[in-house]
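J.: Encoded as structure tokens, here's the structure I'll be asking about.
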Amino acid sequence: MSVDTDPTTQSANVRKDADSVTFEDVNWDEIDGTARGFTRTRIAWYAIMGTYLLALLNDLFNRFAEGAYQRTVAFITDTSRYQVETPGFIPGAGPAEYPLVGEIGGVTWLWSLTLLVGVFYVAIPLYQNQRMTAYYWREFKKNKAAVISLIYLAIIFAIGLTVPRFMDPPEVEPVLAYQPPVWGSVRETVPIQCVGPVSGGECHGSWAHPFGTTHQGKDILISIVYGMEISMQVGLIGMFLTILIATTVGLTAAYFGGYVDEILFRYVDIQITFPTFFLYLLVVYLVGGSLFVMIIIFGVLGWGGIARIVRSEALQRREEEYIMAAKNAGAGGLWTMRRHLLPNVSNSVITAATLVIPGLILAEAALAFLGLGDPRLPSWGETIADGRSDLDRAWWISTIPGVFLFMTILAFNFLGDALRDALDPRQGGGE
Amino acid sequence: MSWSRSEPIMQIENLEKHYPLSGGLLSGEVGRVKAVDGISFDIHEGETFGIVGESGCGKSTAATSMIRLEEPTGGQVRYKGKDITEYDSTELKRFRRNVQMIFQDPDSSFDPRMSIGDAVAEPLIVQGMSDRKKREAIVADLLERVGLSASDMARYPHEFSGGQKQRIGLARALAVNPDVIVADEPVSALDVSIQSEILQLMKELQEAFNLTIIVISHNLGVIREICDRVAVMYLGEFVEVANSEELFNDPQHPYTRALLSAIPTPDPRERGLGVELKGDVPDPSAPPSGCRFHTRCPEVIPPENLELSQSVWRDVLHFRQRVRDSTLNLDSVAETAAVEEGIDTDDIDGDISVSDVPAETVITQLRRENNLPTELADSTANETLDKAFDQLARGDLEGAKETLEESFMTVCERDAPVLTEREGRQVSCHLHDDVTTDGSMLEADQPVSD
Numbered sequence: 001m002s003v004d005t006d007p008t009t010q011s012a013n014v015r016k017d018a019d020s021v022t023f024e025d026v027n028w029d030e031i032d033g034t035a036r037g038f039t040r041t042r043i044a045w046y047a048i049m050g051t052y053l054l055a056l057l058n059d060l061f062n063r064f065a066e067g068a069y070q071r072t073v074a075f076i077t078d079t080s081r082y083q084v085e086t087p088g089f090i091p092g093a094g095p096a097e098y099p100l101v102g103e104i105g106g107v108t109w110l111w112s113l114t115l116l117v118g119v120f121y122v123a124i125p126l127y128q129n130q131r132m133t134a135y136y137w138r139e140f141k142k143n144k145a146a147v148i149s150l151i152y153l154a155i156i157f158a159i160g161l162t163v164p165r166f167m168d169p170p171e172v173e174p175v176l177a178y179q180p181p182v183w184g185s186v187r188e189t190v191p192i193q194c195v196g197p198v199s200g201g202e203c204h205g206s207w208a209h210p211f212g213t214t215h216q217g218k219d220i221l222i223s224i225v226y227g228m229e230i231s232m233q234v235g236l237i238g239m240f241l242t243i244l245i246a247t248t249v250g251l252t253a254a255y256f257g258g259y260v261d262e263i264l265f266r267y268v269d270i271q272i273t274f275p276t277f278f279l280y281l282l283v284v285y286l287v288g289g290s291l292f293v294m295i296i297i298f299g300v301l302g303w304g305g306i307a308r309i310v311r312s313e314a315l316q317r318r319e320e321e322y323i324m325a326a327k328n329a330g331a332g333g334l335w336t337m338r339r340h341l342l343p344n345v346s347n348s349v350i351t352a353a354t355l356v357i358p359g360l361i362l363a364e365a366a367l368a369f370l371g372l373g374d375p376r377l378p379s380w381g382e383t384i385a386d387g388r389s390d391l392d393r394a395w396w397i398s399t400i401p402g403v404f405l406f407m408t409i410l411a412f413n414f415l416g417d418a419l420r421d422a423l424d425p426r427q428g429g430g431e
Numbered sequence: 001m002s003w004s005r006s007e008p009i010m011q012i013e014n015l016e017k018h019y020p021l022s023g024g025l026l027s028g029e030v031g032r033v034k035a036v037d038g039i040s041f042d043i044h045e046g047e048t049f050g051i052v053g054e055s056g057c058g059k060s061t062a063a064t065s066m067i068r069l070e071e072p073t074g075g076q077v078r079y080k081g082k083d084i085t086e087y088d089s090t091e092l093k094r095f096r097r098n099v100q101m102i103f104q105d106p107d108s109s110f111d112p113r114m115s116i117g118d119a120v121a122e123p124l125i126v127q128g129m130s131d132r133k134k135r136e137a138i139v140a141d142l143l144e145r146v147g148l149s150a151s152d153m154a155r156y157p158h159e160f161s162g163g164q165k166q167r168i169g170l171a172r173a174l175a176v177n178p179d180v181i182v183a184d185e186p187v188s189a190l191d192v193s194i195q196s197e198i199l200q201l202m203k204e205l206q207e208a209f210n211l212t213i214i215v216i217s218h219n220l221g222v223i224r225e226i227c228d229r230v231a232v233m234y235l236g237e238f239v240e241v242a243n244s245e246e247l248f249n250d251p252q253h254p255y256t257r258a259l260l261s262a263i264p265t266p267d268p269r270e271r272g273l274g275v276e277l278k279g280d281v282p283d284p285s286a287p288p289s290g291c292r293f294h295t296r297c298p299e300v301i302p303p304e305n306l307e308l309s310q311s312v313w314r315d316v317l318h319f320r321q322r323v324r325d326s327t328l329n330l331d332s333v334a335e336t337a338a339v340e341e342g343i344d345t346d347d348i349d350g351d352i353s354v355s356d357v358p359a360e361t362v363i364t365q366l367r368r369e370n371n372l373p374t375e376l377a378d379s380t381a382n383e384t385l386d387k388a389f390d391q392l393a394r395g396d397l398e399g400a401k402e403t404l405e406e407s408f409m410t411v412c413e414r415d416a417p418v419l420t421e422r423e424g425r426q427v428s429c430h431l432h433d434d435v436t437t438d439g440s441m442l443e444a445d446q447p448v449s450d
């Protein structure tokens with residue numbers, strides 16, 4: 001075999017001199033004696049997750065359990081108050097206040113978890129394995145549309161994540177209603193008061209409101225910037241929940257099989273028949289529209305189909321000899337699922353994930369358009385809905401957020417395509 | 001450790017692996033596939049032990065269940081004196097350092113998403129070696145020892161040929177410095193030219209690290225090249241265990257003889273003289289009674305009162321088998337007979353049945369189809385056959401079945417032979433039940449008489 005004799009053996013010898021451990025020298029008893037070392041990243045991850053969980057529990061306790069706790073204490077210490085007046089759900093004192101960030105709502109809790117997981121399980125591994133990242137990047141950048149999409153999405157993500165932190169949300173100012181975008185104009189009679197220059201009976205747009213305003217006088221640019229974060233939140237948190245549950249359930253069922261498989265997937269069968277849309281309608285009817293409820297319902301109930309894909313794919317992989325080889329190495333279920341099954345079903349998972357994100361963003365926009373979202377949230381769907389009755393006079397109100405929605409969804413689709421190609425090492429001769 | 005080097009490093013006793021067959025309305029157990037049904041052997045340190053057999057005889061299952069990659073359903077496996085079937089998960093994980101396996105298919109035994117370096121390092125990580133630099137040094141060294149280069153670490157399995165992958169498989173197995181390596185068809189997926197390279201490498205590594213190797217193969221050439229001792233497996237059981245040289249020079253079991261004669265020889269004058277095995281390996285969920293090989297054995301022992309040549313006796317047995325399984329379709333025999341004899345069948349309504357054709361014609365056709373002459377050497381056999389043919393010609397399949405069962409029952413079918421030790425080798429065959437101490441053997445294709 002010609003490949004066997006290789007000029008690099010020389011460099012390998014140099015390396016051997018530096019650190020000449022061979023497999024016969026390993027003292028396994030010594031290794032059994034030493035505790036498992038953790039990398040710094042791992043320690044940081046545990047620390048951050050620990051803090052996160054403590055803060056979350058504190059918040060939950062403050063919101064829901066504090067009253068109950070006081071009652072329980074009173075109940076135990078003072079038996080005369082045996083009759084607890086209101087049984088059942090007792091609201092707590094309210095959300096906890098944290099330094100710097102103040103109150104943290106449900107969506108923010110989920111959003112920060114999603115971002116943390118993204119940093120520790122996507123960004124840091126990419127940074128640590130620069131050679132691998134470079135390889136994937138070379139593969140990825142073959143697809144020009146995907147590169148443009150990635151840049152576009154990165155900008156949307158960055159703006160959505162930062163700008164709303166120091167910019168006030170759009171305000172209702174009826175006097176400034178129907179301002180045209182900076183490059184457009186509208187008949188002078190449409191806006192109550194034209195901010196830009198007026199010439200020849202036409203009101204022109206101005207840089208005060210580059211994308212114009214809605215019928216309530218809300219600035220569309222600000223709405224769109226806020227909508228960026230909302231769309232990213234819906235898409236990424238929903239995707240995170242969906243993929244997390246779907247892969248866990250799918251891989252567990254495929255790896256363990258038998259009753260585990262049977263129970264999990266009979267449940268999936270039931271869940272898939274469950275109409276999530278009507279559940280959401282019911283919740284809207286009971287407590288009003290809310291982004292948190294929307295994300296939770298679609299994230300926690302929408303993973304059945306993907307779990308099935310993951311399971312069927314993993315069932316095939318399970319029969320491969322490398323699973324037996326891992327067992328032969330002494331690996332347990334968790335290792336095999338994470339190191340072998342998961343990477344080998346990642347094609348399907350990434351494809352599914354990139355389809356889930358635009359699906360969720362579209363669903364959010366559709367519900368908001370139908371007036372089933374939270375009307376206070378300046379999401380793209382809400383803004384599109386705002387302009388729906390003014391299409392003949394003020395086209396820009398619905399159109400501009402519509403263009404952003406369209407581009408974002410298209411970009412996610414391109415991205416998914418390119419990722420699927422780039423992540424498969426069997427394509428092309430990678431060195 | 002209570003184990004001393006003079007004792008076998010591994011002792012396998014009555015190892016069983018049965019798979020339940022589920023079926024029916026409530027998915028209850030309707031049967032068991034006896035893939036491995038009670039095999040026993042000892043292996044000493046540094047030895048190479050081979051298990052050979054046809055596809056489907058259970059040899060791969062034997063390999064995986066003897067090291068608990070699949071849980072055996074019965075029996076004991078002792079490694080250095082300790083019963084590994086009683087190990088808990090922690091002990092089992094440590095045991096993996098002592099016994100490693102090489103897999104059959106180099107294409108599927110490597111995770112396509114894992115670089116070769118990671119794949120070879122996997123046993124090290126799993127076993128708790130957290131020092132990354134140390135792991136890399138070990139992997140680099142291993143890859144070079146199996147004939148690749150350290151720079152191959154970053155490459156992925158699809159970039160290697162089958163032979164190279166099998167070398168990497170060896171490196172992976174060696175990573176935890178095991179004492180025993182179980183190689184399941186290590187070269188069967190490779191080109192012939194690569195096969196000997198890999199076998200040579202295995203030999204070298206065995207010498208260098210005093211490895212004990214168990215080789216599973218259907219290829220007798222491979223077994224002959226590297227094994228010290230060989231077990232021949234048929235339908236979940238060992239039929240013969242002997243030193244490699246003795247087994248190949250002087251096979252004792254008819255099945256071994258059949259396997260050996262199936263090895264192609266380059267000498268054109270020796271072609272086609274082998275013992276031919278007819279039929280497939282029987283269904284392991286319903287193994288034949290008595291000796292499991294008797295349905296295909298070219299040397300079945302006839303009942304004591306019969307004097308038939310082996311080939312005729314074999315034909316009689318085949319005929320009886322067809323009657324028993326009801327694979328003999330009397331109506332189609334009758335139809336063929338009618339056509340052969342030129343009997344006019346136009347006036348018969350519908351399909352021809354046995355009753356439509358004269359008995360003698362049917363009998364002639366039955367004899368012809370089953371290769372049975374009109375006159376056998378033995379009168380008892382003749383009578384029985386005539387009676388059975390008469391019954392068949394009358395359409396009485398059940399009666400014929402009984403007649404044949406009664407007079408052609410052989411010891412091979414009635415009693416299961418046991419693997420008995422004789423002169424340092426073990427054979428499981430009734431042919432050797434009454435062998436005289438001088439070792440004279442009954443040869444094939446001679447009239448067998450008691």
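Chain order of the listed sequences is R and Z.
Quick note: the first sequence uses UniProt numbering, first residue 1, plus one each step.
Quick note: the second sequence uses UniProt numbering, first residue 1, plus one each step.
Beta carbons: idealized from backbone N, C-alpha and C, even for Gly.
Everything numeric in this text was worked out from a predicted model, so none of it was measured.
Exposed or buried, what is Z:Tyr255 when buried is set at 16 or more other beta-carbons lying within 10 Å of its beta-carbon?
T.: Walking along the second sequence from the start, residue 255 of chain Z turns up at place 255. Buried, by the Cβ-count rule.
J.: To the nearest angstrom, report how far apart Z:Ser379 and Z:Cys412 are at their CA atoms.
T.: For the purposes of this step, residue 379 of chain Z is identified with residue 379 of the second sequence, where counting begins at 1. For the purposes of this step, residue 412 of chain Z is identified with residue 412 of the second sequence, where counting begins at 1. Looking at the two C-alpha atoms, the distance is approximately 22 Å.
J.: Going along chain R in order, which residues have a C-beta closer than 7 Å to the C-beta of Z:Ala175?
T.: By 1-based counting over the second sequence, the position of residue 175 of chain Z is 175. The contacting residues are Phe23.
J.: So that I know if they touch, is there some Cβ in chain Z lying closer than 8 Å to that of R:Asn413?
T.: Taking the first sequence and counting its residues from 1, the one referred to as residue 413 of chain R is at position 413. No - not a single Cβ of chain Z is within 8 Å of the one on R:Asn413.
J.: Pull up the DSSP beta-bridge partners for Z:Asp280, would you.
T.: For this step, residue 280 of chain Z is matched to residue 280 along the second sequence. The partner list for Z:Asp280 (beta bridge, DSSP) is empty, contrary to what the question assumes.
J.: Kindly list, in the order they appear in chain Z, the residues whose Cβ is closer than 7 Å to that of R:Tyr322.
T.: In the first sequence, counting from the first residue as 1, residue 322 of chain R sits at position 322. Chain Z residues near R:Tyr322: Ser108, Ser109, Phe110 and Asp111.
J.: Alpha carbon to alpha carbon, how far is Z:Ala400 from Z:Gln391? Give it in angstroms, no decimals.
T.: Position 391 of the second sequence, counted from the start, is the residue given in the question as residue 391 of chain Z. Position 400 of the second sequence, counted from the start, is the residue given in the question as residue 400 of chain Z. Distance between the alpha carbons of Z:Gln391 and Z:Ala400: 5 Å.
J.: What would DSSP say about Z:Gln164, mapped onto helix, strand or coil?
T.: The count along the second sequence starts at 1 and reaches residue 164 of chain Z at position 164. Note: Z:Gln164 maps to helix in three-state DSSP.
J.: Nearest to Z:Phe319 by alpha carbon, out of Z:Ala388, Z:Asp283 and Z:Glu299?
T.: Taking the second sequence and counting its residues from 1, the one referred to as residue 319 of chain Z is at position 319. When only C-alpha atoms are compared, the closest one is Z:Ala388.
J.: In terms of alpha-carbon separation, which member of Z:Gln11, Z:Ser6 and Z:Ile51 lies closest to Z:Asn243?
T.: Taking the second sequence and counting its residues from 1, one reaches residue 243 of chain Z at position 243. Z:Asn243 has its Cα closest to that of Z:Ile51, out of Z:Gln11, Z:Ser6 and Z:Ile51.
J.: Since Z:Leu376 contacts Z:Leu308 with CB under 8 Å, what's their CB separation in whole angstroms?
T.: Along the second sequence, one-based indexing puts residue 376 of chain Z at 376. Along the second sequence, one-based indexing puts residue 308 of chain Z at 308. Sure, about 6 Å apart at Cβ, within 8 Å.
J.: With distances taken from CA atoms, which of Z:Val239, Z:Arg224 and Z:Glu225 is nearest Z:Ala231?
T.: Against the second sequence, residue 231 of chain Z aligns to sequence position 231. Comparing Cα-Cα distances from Z:Ala231 to each of Z:Val239, Z:Arg224 and Z:Glu225, the minimum goes to Z:Val239.
J.: Of all the CB atoms in chain Z, is at least one closer than 8 Å to the CB of R:Pro169?
T.: Reading the first sequence from its first residue, position 169 is the one you call residue 169 of chain R. Chain Z, which has no Cβ nearer than 8 Å to the Cβ of R:Pro169, makes this no.
J.: Which residues in the same chain have their Cβ closer than 7 Å to the Cβ of R:Thr213, if we skip the five residues on either side of it in sequence?
T.: Reading the first sequence from its first residue, position 213 is the one you call residue 213 of chain R. Excluding positions up to five away in sequence, the list reads Leu176, Ala177, Tyr178, Gln179, Asp219 and Ile220.
J.: DSSP state of residue 451 of chain Z, grouped into three classes?
T.: Past the boundaries of the shown model lies residue 451 of chain Z; chain Z is included only from 1 to 450, so the question cannot be answered.
J.: Of all Cβ atoms in chain R, is any one closer than 8 Å to the Cβ of Z:Gln100?
T.: Walking along the second sequence from the start, residue 100 of chain Z turns up at place 100. Closer than 8 Å to some Cβ of chain R, the Cβ of Z:Gln100 qualifies, so yes.
J.: Should the stretch 132-141 of chain Z be called in touch with the stretch 113-121 of chain Z, which here means at least 3 C-beta pairs below 8 Å?
T.: Contact holds: three or more Cβ-Cβ distances are below 8 Å.
J.: Quick one: which chain Z residues come within Cβ less than 8 Å of R:Pro343?
T.: Counting from one through the first sequence, the residue named residue 343 of chain R turns up at place 343. Simply Asp111, Arg113 and Met114.
J.: I'd like to confirm something about Z:Leu366: is its beta-carbon nearer than 7 Å to some heavy atom of the ligand ATP, or not?
T.: No copy of the ligand ATP appears in this structure; indeed no ligand is present at all.
J.: Strictly below 8 Å CB to CB, what residues from chain R border Z:Leu69?
T.: As a working mapping, residue 69 of chain Z is identified with position 69 in the second sequence. Result: Met324, Lys327 and Asn328.
J.: Indicate whether Z:Glu7 and Z:Gly81 have their beta-carbon atoms separated by less than 8 Å.
T.: For the purposes of this step, residue 7 of chain Z is identified with residue 7 of the second sequence, where counting begins at 1. For the purposes of this step, residue 81 of chain Z is identified with residue 81 of the second sequence, where counting begins at 1. Yes, they are a contact pair.
J.: Under 8 Å between the Cβ atoms of Z:Ile216 and Z:Gln166?
T.: In the second sequence, the residue the question calls residue 216 of chain Z occupies position 216. In the second sequence, the residue the question calls residue 166 of chain Z occupies position 166. Going by C-beta atoms, Z:Ile216 is not nearer than 8 Å to Z:Gln166.
J.: Measuring straight from C-alpha to C-alpha, what distance separates Z:Thr90 and Z:Asp111?
T.: Position 90 of the second sequence, counting from 1, holds the residue named residue 90 of chain Z. Position 111 of the second sequence, counting from 1, holds the residue named residue 111 of chain Z. Computed Cα separation, rounded: 25 Å.
J.: What residues in the stretch 1-33 of chain Z have a beta carbon less than 8 Å from any beta carbon of chain R?
T.: Here the close residues number zero.
J.: With the cut-off set at 8 Å, would you say R:Arg420 and R:Asn347 are in Cβ contact?
T.: In the first sequence, the residue the question calls residue 420 of chain R occupies position 420. In the first sequence, the residue the question calls residue 347 of chain R occupies position 347. Against a cut-off of 8 Å, the Cβ pair of R:Asn347 and R:Arg420 comes out as a contact.
J.: Once DSSP output is grouped into helix, strand and coil, what is the label at Z:Asp378?
T.: As a first step, residue 378 of chain Z is located in the second sequence; it is residue number 378 there, counting from the start. Looking at Z:Asp378 - three-state DSSP - the assignment turns out to be coil, as it is neither helix nor strand.
J.: Can you tell me where the beta strand (DSSP E) with Z:Leu21 in it begins and where it stops?
T.: In the second sequence, residue 21 of chain Z corresponds to position 21, counting from 1. From DSSP, the beta strand (DSSP E) with Z:Leu21 extends over Met10 to Gly23.
J.: Taking the CB atoms as reference points, tell me whether R:Leu301 and R:Val107 lie closer together than 8 Å.
T.: The residue given as residue 301 of chain R occupies position 301 in the first sequence. The residue given as residue 107 of chain R occupies position 107 in the first sequence. The answer is no: Cβ separation not under 8 Å.
J.: How would you list, in chain order, the residues of chain Z whose beta-carbon sits under 8 Å from the beta-carbon of R:Trp137?
T.: Your numbering for residue 137 of chain R matches position 137 in the first sequence. Those do not exist, as R:Trp137 stays about 16 Å from chain Z at its closest Cβ, beyond 8 Å.
J.: Where are the alpha helix (DSSP H) runs, 4 residues long or more, that stay fully inside the stretch 110-148 of chain R, in chain order?
T.: Counting only runs of 4 or more, we get 124-128 and 130-140.
J.: Please go through the stretch 176-220 of chain Z and give each complete alpha helix (DSSP H) segment of 4 or more residues, from N-terminal end onward.
T.: Complete alpha helix (DSSP H) runs here, min 4: 192-209.
J.: Following the continuous beta strand (DSSP E) through Z:Asp37, name the residue where it begins and the one where it ends.
T.: The sequence position of residue 37 of chain Z within the second sequence is 37, counting from 1. Segment Gly28 to Ile43, the beta strand (DSSP E) holding Z:Asp37.
J.: Taking the C-alpha atoms as reference points, what is the distance between R:Asp374 and R:Leu281?
T.: Taking the first residue of the first sequence as 1, we reach residue 374 of chain R at position 374. Taking the first residue of the first sequence as 1, we reach residue 281 of chain R at position 281. The straight-line gap from Cα to Cα measures roughly 12 Å.
J.: Only counting the same chain, and skipping five residues up and downstream in sequence, which positions put a Cβ closer than 7 Å to that of R:Gly416?
T.: Numbered from its first residue, the first sequence carries residue 416 of chain R at position 416. Closer than 7 Å at Cβ, skipping near neighbours: Ile350, Thr351, Thr354 and Leu355.
J.: Which word fits R:Leu236, buried or exposed, when buried means at least 16 other C-beta atoms lie within 10 angstroms of its C-beta?
T.: As a first step, residue 236 of chain R must be located in the first sequence, where it is residue number 236. When all chains shown are included, R:Leu236 counts as buried.
J.: Contact criterion: CB-CB distance below 8 Å. Does Z:Ala137 meet it with respect to chain R?
T.: Locating residue 137 of chain Z in the second sequence gives position 137, where the first residue counts as 1. Yes, Z:Ala137 counts as interfacial toward chain R.
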